[in-house]
Amino acid sequence: MTFHHHHKMNGCEWCEGRQSLWGAFVLGLGIFSLGMILMLDNFGVIDGSPLVPYWPVLLIVVGVSHLVGRSSGRKLGWGLSWIAVGAIILLNNLGVIAVGIEALWPVILVILGANLVFRCARRRLEREGDQHGTNE
24 MTFHHHHKMN GCEWCEGRQS LWGAFVLGLG IFSLGMILML DNFGVIDGSP
74 LVPYWPVLLI VVGVSHLVGR SSGRKLGWGL SWIAVGAIIL LNNLGVIAVG
124 IEALWPVILV ILGANLVFRC ARRRLEREGD QHGTNE
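The structure is reproduced here in structure tokens:
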């Protein structure tokens, strides 16, 4: 008996869809809120400048949505990467650490490269697992 990737082992397809929707909802709400704050700031209704340093929270939310969404195991590397980059930029904006873009872009290259390596390694392990599963 072989299992394809679209089969659900525990059968809770609705629950997994809900988690994915929750991540998208939270991300959408964050982007919507940021847009509203910037728009109201442009019209002079509020002063959004105190919130500007906190924009990297959206990157952290993207990372969290990868961790809680459907197939979150496959998105672990990307989720942690978004969280790490968001946290570094946020801490820099708040003056906790001093990191310029010249120091940050190599970190992004390392993260992208590591994600590619882990993705290839995971696919190879999945293929080997599928081959062993079909021989039984």
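Each residue of the sequence shown is one higher than the one before, counting from 24 in my numbering.
Quick reminder that beta carbons are idealized off the backbone N, C-alpha and C, glycines included.
Note down the Cα distance separating H89 from G123, rounded to an integer number of angstroms.
-> Distance between the alpha carbons of H89 and G123: 26 Å.
What is the DSSP secondary structure of D70, counted as helix, strand or coil?
-> coil
Give a yes or no on contact between the segment 76–83 and the segment 100–117, applying the rule of three or more CB pairs nearer than 8 Å.
-> yes
Leaving out the 5 sequence neighbours to the left and right, which residues in its chain are closer than 7 Å to L127 when beta-carbon positions are compared?
-> I111
Mark H27 as exposed unless 16 or more other C-beta atoms lie within 10 angstroms of its C-beta, in which case mark it buried.
-> The predicted model places H27 with a pLDDT of 43, which falls under 50 and marks its position as unreliable; any figure quoted below should be read in that light. By the 10 Å Cβ count, H27 comes out exposed.
Simplified DSSP assignment, three categories, for V108 = helix
Over the uninterrupted alpha helix (DSSP H) stretch that includes L117, give me the two end residues.
-> Here L117 belongs to no alpha helix (DSSP H), and DSSP marks it neither H nor E.
CA-CA distance, Q154 and R145?
-> When rounded, the separation of the alpha-carbon atoms in Q154 and R145 is 14 Å.
Any chain D beta carbon closer than 8 Å to V119 | No chain D is present in this structure, which holds just one protein chain.
Write down the C-beta distance between I69 and L63 rounded to the nearest angstrom, noting that I regard them as a contact closer than 8 Å.
-> Under the criterion of beta carbons closer than 8 Å, I69 and L63 qualify as touching, at roughly 5 Å.
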